[in-house]
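Only one structure is covered here, and it is reproduced in the block below.
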Amino acid sequence: MTDNNFKQIFPLGAKNDAFAQYFIGQSYLAPLAGGKVPVNNVSFEPGCRNNWHIHHGTDGGGDQILLCTAGSGWYQAEGQDPVSLEPGTVIHVPAGTKHWHGAKVDSWFSHLAFITPGENVSNEWLEPVTDEVYGELQKNGEKA
C-alpha cells in the first residue's frame with residue numbers, strides 16, 4: 001500500500017492488476033463475499049478512474065449497485081450530469097447503461113460493488129475517460 005492517510009472500514013485489497021488496462025491510475029480490489037452476489041471493495045487512488053463500460057444481463061441481471069464507503073469520487077452515466085460521490089451515496093446503474101466512476105483528483109475513494117445475478121451477465125469495457133473530460137469535472141464541480 002502506498003503511504004497515505006486513507007481510512008476505510010473494509011480492506012484496501014491488492015493492486016487491481018488484472019483490470020489495470022481499464023483504469024487510468026491505480027485501483028485496488030478486495031473481494032468481500034462470493035456466491036451468487038459477489039461483493040468487492042474497490043478503492044481508487046486520487047485521480048484514478050475506470051474506463052467507460054457497460055454491464056450487460058438478462059432476467060434482471062447485470063444491474064450494478066455502488067455503495068460509497070470512504071473518500072470522494074465521481075459517477076457519470078452517458079448523457080447525464082456527473083454525480084459527486086461521498087460516503088453513504090448509493091448509485092443504481094441499470095444493465096445496459098454506459099458509465100464510469102472513480103476518485104476525485106484530490107481524494108482517495110472506495111465503494112462496494114455488487115452486480116445483480118441473472119442470465120448472460122457480462123461487462124463490456126470501452127474507451128478511457130479522457131483527461132480533458134475528467135479535468136472539466138474538477139474545474140466545474142457537478143456542472144460538467
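Numbering-wise (the UniProt record's numbering), the sequence shown opens with residue 1 and increments by one. Beta carbons: idealized from backbone N, C-alpha and C, even for Gly. Predicted, not measured: the structure shown is a model, and the values here were computed from it.
Judged by their CB atoms, G35 and E119 are not nearer to each other than the 8 Å cut-off. When DSSP reads this structure, N40 sits in a beta bridge with P31 and A113.
By the criterion of a C-beta distance shorter than 7 Å, T89 is surrounded in its chain by C68, once the five residues flanking it on both sides are discounted. Shown here, Q80 sits in coil according to DSSP, grouped into three states, outside any helix or strand. An exposed status is given to I9, since fewer than 16 other beta-carbon atoms sit within 10 Å of its beta-carbon. Taking all protein chains in view, the Cβ of G96 is surrounded by fewer than 16 other Cβ atoms within 10 Å, so the residue is classified as exposed.
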